[in-house]
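Asker: In the UniProt record's numbering, the protein residues as written are 1 to 240.
We put the CB at the ideal spot given by N, CA and C, even for glycine.
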Amino acid sequence: MLDKQSAIPIYVQIEDFLKEQIAQGVYPVKSLIPSERELTDMFGVSRMTVRQSLTNLVKDGLLYREKGRGTFVAEEKMEQPLNGLTSFTEDMKERGLVPGTKLISFSKIHPEPQIAARLGISPDELVYKVVRIRYADDTPMAIERSYLPVELFPTLTEEALQGSLYAFIEKQEKLVIGQATQRMEAALAKTEDAGYLQIALPAAVVLIERVSALMDGRIFEVVRSTYRADRYKFISEIGR
Ligand code: GLP
Numbered sequence: 001m002l003d004k005q006s007a008i009p010i011y012v013q014i015e016d017f018l019k020e021q022i023a024q025g026v027y028p029v030k031s032l033i034p035s036e037r038e039l040t041d042m043f044g045v046s047r048m049t050v051r052q053s054l055t056n057l058v059k060d061g062l063l064y065r066e067k068g069r070g071t072f073v074a075e076e077k078m079e080q081p082l083n084g085l086t087s088f089t090e091d092m093k094e095r096g097l098v099p100g101t102k103l104i105s106f107s108k109i110h111p112e113p114q115i116a117a118r119l120g121i122s123p124d125e126l127v128y129k130v131v132r133i134r135y136a137d138d139t140p141m142a143i144e145r146s147y148l149p150v151e152l153f154p155t156l157t158e159e160a161l162q163g164s165l166y167a168f169i170e171k172q173e174k175l176v177i178g179q180a181t182q183r184m185e186a187a188l189a190k191t192e193d194a195g196y197l198q199i200a201l202p203a204a205v206v207l208i209e210r211v212s213a214l215m216d217g218r219i220f221e222v223v224r225s226t227y228r229a230d231r232y233k234f235i236s237e238i239g240r
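#1: Who sits around ligand 1, taking every residue whose Cβ is closer than 5 angstroms to one of its heavy atoms?
#2: By Cβ distance, which residues of its chain are closer than 7 angstroms to residue 214, with the 5 residues on each side in sequence left out?
#3: For residue 102, which three-state DSSP category applies?
#4: Let's test the definition: count the other Cβ atoms within 10 Å of the Cβ of residue 231 and tell me whether it reaches 16, buried, or not, exposed.
#5: Could you pull the start and end residues of the beta strand (DSSP E) that residue 194 belongs to?
#6: Is it true that the CB of residue 197 sits closer than 9 angstroms to the CB of residue 143?
#7: Assign residue 154 to one of two classes, buried (16 or more other C-beta atoms within 10 Å of its C-beta) or exposed (fewer than that).
#8: Which residues does DSSP pair with residue 135 in a beta bridge?
#9: Using a Cβ distance threshold of 8 angstroms, determine whether the segment 38 to 54 contacts the segment 104 to 117, with at least three qualifying pairs required.
Spelled out as structure tokens, the structure:
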């Protein structure tokens, strides 16, 4: 199985072999792969080498470890398009997954200057601060911290926020959502967020800030979302 004369390091060959086996369905999603010791015997290499391969596959998001239980095959990451101004609820339904929401907090505050500037309002005006954990089939995928001008949505309730915010805006408020600007960056998860997302620290996350406007140009939300980097990859169509 391994070519010890090859210029490709042994640990990389083991990684490639396991990737191949996963792709072929020998080890299905969520199944336990052989233990370090079994792999060591199977390949006739040191345990260190096997460990290096597994660690790399865990870092790449192909495998995950559970303390005391072993190493498992991870689900394929979700491909999130970056082109459309879609809602979380729409994205999940599109994939045949059940969207879920846990409302962590809902309050009226005076925004900090940076948020006020993004919303194009004065810090004296009130905004709702909404913190929600978003789930796909009961798996936490992202945390969203949204800031919405109270003036635009005087009737917004906790109940509406348990479902789709965009559905509330479009169906209930009969407003037309226009366009948004997104900024994306990589980060390490904060302790609080790792708890919400049920991931072990240190963990990579992707931060996306979305500033969205209605068709008439009024900015209706600034949302800072924290996405699990082990569950998401982002895709955009680009032309020339
Ligand atoms: C996405 C965006 C958020 C937006 C949300 C609305 O997750 N990142 O900026 O507020 O969708 O989703 P929903 O309508 O499901 O509440």
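Answerer: Inspection of the coordinates gives the following:
#1: 87, 88, 89, 164, 165, 166, 210, 223 and 225
#2: 175, 176, 177, 178 and 220
#3: strand
#4: buried
#5: Per DSSP, residue 194 belongs to no beta strand (DSSP E); it is in the alpha helix (DSSP H), 191 to 197.
#6: yes
#7: exposed
#8: 100 and 140
#9: no
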